[in-house]
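Everything on this sheet refers to the single structure shown next.
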Amino acid sequence: MPTRQRRRFLTFLLLLFASGPVLAGTQSIVFGMGCFWGAEKRMGELPGVVDVEAGYAGGDAETVTYRDVLATARAIRRGETDETVHAEVIKVTFDTDQTDLSQVLAGFWENHDPTQGDRQGNDIGANYRSAIYYSDERQRRLAEQTREVYQQALNAAGFGTITTEIAPLRHYNRAETYHQDYLKKNPDGYCGLGGTGVAYPGHSGSASAGKRLEASALQFERQLIVFEAKDCPFCERFEQEVLADWRSPLPIVTTRHPRPPAGWSLDGPLVGTPTIVLFEQGRETDRYTGYQGHPAKFRQWLAPHEPGNH
């Protein structure tokens with residue numbers, strides 16, 4: 063066999079087996095969506111998905127641990143290396159009799175923000191980049207096609223350019239056992255923002271972000287908005303510990319949509335949920351990010367903003 067053909071054959075074998083064995087009637091694809099804890103849970107809830115495994119992929123090193131990935135990411139930020147760091151990823155295995163790759167890709171686009179570059183929410187670094195690592199030509203083609211479709215939907219909603227890396231799968235490593243099913247084992251664990259709130263056109267699922275708030279239903283002068291996310295235990299605690307006994311004269315509403323009403327503006331991106339934002343004249347004037355079960359601390363933040371105290 064000529065050298066060039068042999069190389070192509072070896073590359074084919076590498077792509078074929080890089081993601082490990084799968085069950086008959088199933089297919090796997092690898093995604094980077096920021097912190098793999100939340101990504102694992104969200105993608106595991108898609109119809110037809112039978113398994114989701116946390117791992118690392120896309121970096122230069124053949125084998126890595128969680129500590130290796132974090133150390134390389136820190137070295138990159140300090141300018142000490144030009145090595146490509148692995149991304150935190152999930153390997154999604156789905157039943158091809160129940161769903162297809164295009165539906166799984168639609169779920170991928172909807173369940174994170176693919177426009178943020180080397181970050182996802184408040185997780186910053188190339189190890190949190192958005193990525194699709196494909197194992198064959200069909201996966202590559204569908205990844206690129208769905209990217210173009212979703213970019214048009216994002217453009218219409220006012221978002222920027224998709225930064226998702228689309229590349230052959232390489233150097234996949236299964237993450238440590240304690241990372242697998244992390245949010246099932248730790249229901250109060252970290253939860254990110256989820257998606258942009260923009261649905262993938264024609265997707266049979268949903269963006270899980272809810273409807274964007276209407277400005278006409280809110281108080282333009284002064285309004286509190288609680289930005290929440292699906293599967294966010296601290297959002298539930300905020301509702302139970304604060305909202306259930308809300309006595310402030312300031313009006314407050316909750317939303318799962320990551321953007322304020324049309325015509326209203328945030329000072330910067332939301333980096334965690336829940337985030338409670340005070341709007342005055344339709345513009346953000348202050349925010350409280352990341353309620354974690356301390357009602358007195360939140361009320362201390364709130365007090366100066368209440369009528370008669372500002």
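Position in the sequence shown (from 1) plus 62 gives the number in my numbering.
No residue lacks a Cβ here, since even glycine has one placed at the ideal position from N, Cα and C.
Asked: Whole-angstrom distance between residue 325 and residue 359, CA atom to CA atom; Found: 31 Å
Asked: Cβ pair residue 154, residue 119 closer than 8 Å; Found: no
Asked: Burial state of residue 201 (16 or more Cβ within 10 Å); Found: buried
Asked: Beta carbon of residue 95 nearer than 8 Å to that of residue 192; Found: yes
Asked: Member of 286, 367, 161 whose CA lies at the smallest distance from the CA of residue 328; Found: 286
Asked: Beta carbon of residue 211 nearer than 8 Å to that of residue 176; Found: no
Asked: Best match in 88, 90, 89, 98 for proximity to residue 240 [C-alpha to C-alpha]; Found: 98
Asked: contact_flag[the stretch 134-147, the stretch 221-239] where n(CB pairs < 8 Å) is 3 or more; Found: no
Asked: Per-residue burial, residue 82 [other beta carbons within 10 Å of its own, 16 or more giving buried]; Found: Here residue 82 scores only 45 on pLDDT, less than 50, and its place in the model is too uncertain to base an answer on.
Asked: Complete runs of the alpha helix (DSSP H) confined to the stretch 132-209 [at least 4 residues]; Found: 163-172
Asked: Given 8 Å, three or more beta-carbon pairs between the stretch 128-136 and the stretch 158-178; Found: no
Asked: Short Cβ contact (8 Å threshold) for residue 274 with residue 259; Found: yes
Asked: Cβ pair residue 161, residue 87 closer than 8 Å; Found: no
Asked: Beta-carbon gap between residue 353 and residue 300 smaller than 8 Å; Found: yes
Asked: Three-way DSSP call (helix, strand, coil) for residue 356 in this model; Found: coil
Asked: Unbroken beta strand (DSSP E) run spanning residue 98, endpoints; Found: No beta strand (DSSP E) holds residue 98; the alpha helix (DSSP H) holding it covers 98-106.
Asked: Cut-off 6 Å between Cβ atoms - residues of its own chain near residue 237, not counting five sequence neighbours on either side; Found: 116, 117
Asked: Continuous beta strand (DSSP E) stretch holding residue 118: start and end; Found: 111-119
Asked: As assigned by DSSP and simplified to three states, the class of residue 83; Found: Its pLDDT being 45, under 50, residue 83 is placed unreliably by the model, and the measurement read from it follows with that caveat. If DSSP states are grouped into helix, strand and coil, residue 83 belongs with coil.
Asked: Residue 99 Cβ short of 7 Å to the ligand MG heavy atom set; Found: Here there are no bound small molecules, and the ligand MG is not part of this structure.
Asked: Contacts around residue 178, its chain only, beta-carbon distance under 6 Å, and the 5 residues preceding and following it disregarded; Found: none
Asked: Helix, strand or coil at residue 229 [DSSP, three-state]; Found: strand
Asked: Span of the beta strand (DSSP E), counted from its first residue to its last, around residue 299; Found: It is not in any beta strand (DSSP E) - residue 299 instead sits in the alpha helix (DSSP H) that spans 295-303.
Asked: 8 Å Cβ shell around residue 308 - same chain, five flanking residues per side excluded; Found: 314
Asked: Under the three-state DSSP convention, the category residue 217 falls into; Found: helix
Asked: Nearest-angstrom Cα separation, counted from residue 156 out to residue 90; Found: 6 Å
Asked: Beta carbon of residue 310 nearer than 8 Å to that of residue 368; Found: yes
Asked: Between the CA atoms of residue 204 and residue 331 - distance to the nearest angstrom; Found: 30 Å
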